[in-house]
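Residue numbers (the working numbering), protein chains in the order written: chain A, 1 to 103; chain B, 104 to 382; chain C, 383 to 544.
Ideal placement from N, C-alpha and C gives every residue a C-beta, glycine not left out.
Take a look at the structure below.
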Amino acid sequence: MASSIRVRAVENNGVTALKALVRHPMDSGFVKDSAGNVIPAHFIKVLTISHNGKNVFVANWGPAVSKDPFLECRFKGAKKGDELTISWIDNEGASDSTTATIA
Amino acid sequence: MLKAKVILVALGAALAVPQALAGATPEEDRKETVEYFKQMFPDVPFEEFVNGQYALNDDRRKQWESMQDFPPYEFAVAEGQEMFETPFANGKTYASCFENGGIGIRQNYPYFDTEKNEVITLELAINRCRESNGEEPLKWKKGAIASISAYMASTSQGKPINIKVPDDPDALAAYQDGKEFYYSRRGQLNFSCASCHVQNPGKWIRADFLSPTLGQPSNFPVHRSKWGELGTLHRRFAGCNNNVRADPLPAQSEEYRNLEYFLTYMSNGLPVVGPATRP
Amino acid sequence: MTDQRRRGFLKGMLGVGVAGFALGSGIVPLRVEAATAPDGSDWPEKAFKTPGVDETIAELYGMEANESDQITMDLPTIAQNGAVVPVSVETTLPNVTGIALLVAKNPNALAAYFDIPEGTLPFVSNRLKMAETTDVVAVVISDGKAYKATQNVKVTVGGCGG
């Protein structure tokens with residue numbers, strides 16, 4: 001099974017621009033299925049991006065974040081070839097993690 | 104053919120807009136269509152027509168470009184590739200059914216099979232490939248078939264659409280049938296496909312912004328925000344028919360395949376850009 | 383003044399990575415945040431379940447936010463689909479430790495908030511759901527104070543289904 005996380009990170013002039021897309025339904029808890037039953041809220045709560053053992057970005061998400069959430073952020077202090085770790089956990093306790101190399 | 108012309112002329116007369124396609128050959132129809140849209144949107148470069156409403160509205164375009172940063176269909180394309188490369192129970196793969204192993208061939212679909220006397224769409228070919236290898240066919244409109252089709256389109260990006268109508272009365276009849284469908288009014292709203300996408304692209308219909316005919320098939324399968332997933336061209340056809348309160352036809356019915364044949368022929372020369380995102 | 387609210391504020395302050403911020407009578411302890419996989423225990427449940435912009439900001443950060451023209455928001459005038467509205471925020475305010483995105487008319491206003499550690503630029507982009515035409519509010523924590531900017535986005539229900 002492929003990772004739920006896709007990442008692109010590019011360093012330019014000392015600033016790393018990171019874009020990530022996570023596969024997740026992000027069900028809001030306000031939508032009904034075709035049978036009329038409410039689909040329970042199911043969403044990523046926290047996503048972290050870390051570099052050299054330090055968090056460079058922490059996203060706290062609620063159910064109003066779109067399905068298959070997208071995130072873009074920028075940080076200093078990393079260089080091409082460095083490894084980043086991206087991890088998330090959802091409200092049902094499911095989680096995933098991946099690493100990406102800065103280009 | 105005469106019948107189609109009569110209908111088209113009647114439509115044109117009623118609406119007093121030069122939307123009727125009365126070309127004697129498919130190529131004349133196509134040239135007329137291209138010319139028509141060039142006059143309607145003189146500032147839009149030909150290749151930009153593949154981007155539909157995003158070529159015509161800046162606010163929409165910005166949202167689309169932001170989606171293109173990391174399009175939501177990327178997961179589906181990766182899954183499509185995996186399925187495409189995974190052997191069937193008999194050990195063969197999809198590649199065995201297609202020219203060039205199925206890579207970079209999207210621009211040639213749909214084509215008219217002069218032996219079977221019918222239009223073969225890419226999705227039809229995918230399912231026939233499965234069946235000829237002893238596998239169950241996939242559902243037509245979304246899910247696995249859309250992912251596989253999206254992967255195959257992604258290997259063909261930039262290749263100009265190259266639909267051929269062979270010199271064959273049945274092929275021509277299929278083309279004419281598709282053209283007639285496109286210009287025939289239907290449903291409680293009494294709209295034809297052309298009412299929106301030939302006569303009124305660039306305009307709002309309530310909260311939706313209409314795209315032109317030209318370039319539409321370049322994008323499929325598309326990921327619609329409304330769907331939250333990929334869907335095939337025939338899923339969209341059914342949606343459009345529903346919108347005008349007409350009964351949709353089954354995906355891959357002869358009518359929809361012929362419609363796809365006509366519609367895609369009109370976009371000859373424009374690049375494959377699918378999969379793509381739409382509202 | 384709940385623990386929740388206090389924690390939201392503390393969390394916002396901590397990101398500066400500087401010890402010695404006074405908070406009431408207490409002092410935020412010096413703490414080096416080691417990166418571990420998130421466990422979700424810091425997720426501010428109450429702030430995510432609060433309707434209304436001002437109420438949510440108070441719940442999350444324990445203070446009011448002042449308008450600032452140093453916050454730039456980038457979002458569409460008319461959303462092509464309320465399920466996926468791209469929203470970007472950038473600011474020239476100094477020492478930013480947090481950014482929050484609120485959607486005024488959603489059932490609960492808070493859509494997302496971000497910790498901005500030292501060295502990370504005060505910028506974020508993501509995609510949000512909006513139930514109807516609404517103000518979107520970006521809150522930025524700069525030098526321990528809250529600032530906000532507001533922009534309206536029209537959300538219409540399209541007729542072209544399928």
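1) Report yes or no: is there a C-beta of chain B within less than 8 Å of the C-beta of C/T515?
2) Using DSSP bridges, identify the partner residues of A/E83.
3) Under 8 Å by Cβ, that's how I've got C/V471 and C/I498 pegged, so tell me the actual separation to the nearest angstrom.
4) Can you name the residues of chain D whose CB is closer than 7 Å to the CB of C/I460?
5) Leaving aside the five residues before and after B/R288 along the sequence, list all residues of the same chain whose C-beta is less than 8 Å from its C-beta, in chain order.
6) Roughly how many angstroms separate the alpha carbons of B/T367 and B/L373, rounded to a whole number?
7) Give the interface partners of B/E177 over in chain A, defined as CB-CB distance under 7 Å, in chain order.
8) Using a Cβ cut-off of 7 Å, pull out every chain C residue sitting near A/P40, in sequence order please.
9) By the DSSP assignment, the alpha helix (DSSP H) with A/I111 in it spans what residues?
10) Which residues bound the alpha helix (DSSP H) around B/L225?
11) Whose C-beta lies closer than 6 Å to the C-beta of B/N345 among residues of the same chain, with five residues either side of it excluded?
12) Rounded to whole angstroms, what is the Cα-Cα separation between A/I86 and B/T380?
13) So B/D172 contacts chain A; which residues on that side make the cut at Cβ distance below 8 Å?
14) Could you tell me the alpha carbon to alpha carbon distance between C/E441 and C/K428, rounded to whole angstroms?
15) For the region 52-69 of chain A, list every residue whose C-beta sits within 9 Å of some C-beta in chain C, in sequence order.
16) Quick one: what's got a C-beta closer than 7 Å to B/W243's C-beta in the same chain, skipping five residues either side?
17) Would you mind reading off the limits of the alpha helix (DSSP H) that contains B/P272?
18) Could you confirm whether any beta carbon from chain C is found closer than 8 Å to the beta carbon of B/K329?
19) Are A/D90 and A/H42 close, meaning C-beta to C-beta below 8 Å?
20) Examine chain C for any beta-carbon lying closer than 8 Å to the beta-carbon of B/P382, and answer yes or no.
21) Please confirm whether C/K511 and C/S450 have their CB atoms less than 8 Å apart.
22) Who are the near neighbours of A/T48 in its chain, counting only those whose CB is closer than 6 Å to its CB and skipping five residues on each side?
23) Identify the contact partners of C/T532 in chain B, using a Cβ-Cβ distance below 9 Å as the criterion.
24) Output yes if chain C places a C-beta closer than 8 Å to the C-beta of B/Q302; else output no.
25) Closer than 8 Å between beta carbons: that is the criterion. Which residues of the region 186-208 of chain B meet it against chain C?
26) Can you confirm whether A/V15, when its beta carbon is compared against all beta carbons of chain C, has any partner nearer than 8 Å?
27) Beta-carbon of A/A94 versus every beta-carbon of chain B: anything under 8 Å?
28) Can you give me the start and stop residues for the beta strand (DSSP E) that C/P468 sits inside?
29) Nearest to B/Q210 by alpha carbon, out of B/A256, B/Y157, B/A310?
30) Locate the alpha helix (DSSP H) running through C/D608, then write down its first and last residues.
31) Residues of the region 127-149 of chain B in Cβ contact with chain A at a cutoff of 9 Å, in chain order, please.
32) Run through DSSP, which three-state label would B/P146 get?
33) Between the region 232-240 of chain B and the region 190-202 of chain B, do three or more beta carbon pairs fall short of 8 Å?
34) Run down chain C in chain order and give the residues with a C-beta less than 7 Å from the C-beta of B/S169.
35) Let me see if you follow: with CB-CB separation under 8 Å, is A/I86 close to chain C or not?
36) State buried or exposed for B/W307, treating a residue as buried only when at least 16 other CB atoms are found within 10 Å of its CB.
On the basis of the supplied data:
1) In the third sequence, residue 515 of chain C corresponds to position 133, counting from 1. Residue-level contact by beta carbon fails for C/T515 and chain B, as no gap is shorter than 8 Å.
2) Position 83 of the first sequence holds residue 83 of chain A. BP columns for A/E83 point to A/T101.
3) For the purposes of this step, residue 471 of chain C is taken as the residue at position 89 of the third sequence. For the purposes of this step, residue 498 of chain C is taken as the residue at position 116 of the third sequence. No, C/V471 and C/I498 are not in contact; Cβ-Cβ is about 11 Å, not under 8 Å.
4) Note that chain D does not occur in the displayed structure, where the protein chains are A, B and C.
5) Here residue 288 of chain B refers to the residue found at position 185 when the second sequence is read from its first residue. Counting only Cβ-Cβ distances below 8 Å, and skipping sequence neighbours, we find L114, F294, S295, S298.
6) On the second sequence, position 264 is the one that residue 367 of chain B refers to. On the second sequence, position 270 is the one that residue 373 of chain B refers to. B/T367 and B/L373: Cα-Cα distance of roughly 10 Å.
7) Translated into the one-based positions of the second sequence, residue 177 of chain B becomes position 74. Simply R6, L21.
8) Locating residue 40 of chain A in the first sequence gives position 40, where the first residue counts as 1. Ordered by position in chain C, no residue passes the 7 Å Cβ test against A/P40, which lies about 15 Å from the chain.
9) Here chain A comprises residues numbered 1 to 103, so residue 111 of chain A is not present and cannot be evaluated.
10) Locating residue 225 of chain B in the second sequence gives position 122, counting from the first residue. Looking at the DSSP string, the run of the alpha helix (DSSP H) that includes B/L225 is 225-235.
11) The residue labelled residue 345 of chain B in the question sits at position 242 within the second sequence. Excluding sequence neighbours, B/N345 sits near P351.
12) For this step, residue 86 of chain A is matched to residue 86 along the first sequence. For this step, residue 380 of chain B is matched to residue 277 along the second sequence. If I take the Cα positions, the gap works out to 26 Å.
13) Mapped onto the second sequence, residue 172 of chain B falls at position 69. Here the neighbours are K19, F70, E72.
14) Start at 1 with the first residue of the third sequence, and residue 441 of chain C comes out as number 59. Start at 1 with the first residue of the third sequence, and residue 428 of chain C comes out as number 46. The straight-line gap from Cα to Cα measures roughly 7 Å.
15) So the close ones are N52, G53, K54, N55, V56, F57, V58, A59, N60, W61, G62, P63, A64, V65, S66, K67, D68, P69.
16) Start at 1 with the first residue of the second sequence, and residue 243 of chain B comes out as number 140. Non-local beta-carbon contacts of B/W243 in its own chain, meaning distances under 7 Å to residues more than five positions away in sequence, involve E226, T335, H337, A354, Q355 in chain order.
17) Along the second sequence, read from residue 1 onward, the residue named residue 272 of chain B stands at position 169. Here the alpha helix (DSSP H) through B/P272 covers 272-286.
18) Taking the second sequence and counting its residues from 1, one reaches residue 329 of chain B at position 226. Cβ-Cβ to chain C under 8 Å: yes for B/K329.
19) Counting from one through the first sequence, the residue named residue 90 of chain A turns up at place 90. Counting from one through the first sequence, the residue named residue 42 of chain A turns up at place 42. The answer is yes: Cβ separation under 8 Å.
20) Taking the first residue of the second sequence as position 1, residue 382 of chain B is located at position 279. Using beta-carbon distances, B/P382 counts as an interface residue toward chain C, with a partner under 8 Å.
21) Locating residue 511 of chain C in the third sequence gives position 129, where the first residue counts as 1. Locating residue 450 of chain C in the third sequence gives position 68, where the first residue counts as 1. No.
22) For the purposes of this step, residue 48 of chain A is taken as residue 48 along the first sequence, with counting starting at 1. Residues of the same chain with a CB within less than 6 Å of the CB of A/T48, apart from the 5 flanking positions on each side, are N55, V58, S87 in chain order.
23) To locate residue 532 of chain C, count along the third sequence from 1; it is residue 150. Those within 9 Å of C/T532 in chain B number zero; the least Cβ separation is about 19 Å.
24) By one-based count along the second sequence, residue 302 of chain B stands at place 199. Not an interface residue.
25) Cβ contacts with chain C come from no residue of the region 186-208 of chain B.
26) Here residue 15 of chain A corresponds to residue number 15 of the first sequence, with the count starting at 1. Yes, contact with chain C.
27) Your numbering for residue 94 of chain A matches position 94 in the first sequence. At a cut-off of 8 Å between beta-carbon atoms, A/A94 makes no contact with chain B.
28) As a first step, residue 468 of chain C is located in the third sequence; it is residue number 86 there, counting from the start. Residues 467-473.
29) On the second sequence, position 107 is the one that residue 210 of chain B refers to. Comparing Cα positions, the closest option is B/A256.
30) With chain C covering only 383 through 544, there is no way to say anything about residue 608 of chain C.
31) Listed by position, the residues of the region 127-149 of chain B near chain A (Cβ gap below 9 Å) amount to none.
32) Reading the second sequence from its first residue, position 43 is the one you call residue 146 of chain B. What sits at residue 146 of chain B in the sequence shown is Asp, not Pro. Of the three classes helix, strand and coil, the one that applies to B/D146 here is coil, per DSSP.
33) Enough Cβ pairs lie closer than 8 Å, so yes.
34) Here the question's residue 169 of chain B lines up with position 66 in the second sequence. Simply P468.
35) By one-based count along the first sequence, residue 86 of chain A stands at place 86. Closer than 8 Å: no.
36) Working through the second sequence from its first residue, we reach residue 307 of chain B at position 204. With fewer than 16 other Cβ atoms within 10 Å, it is exposed.
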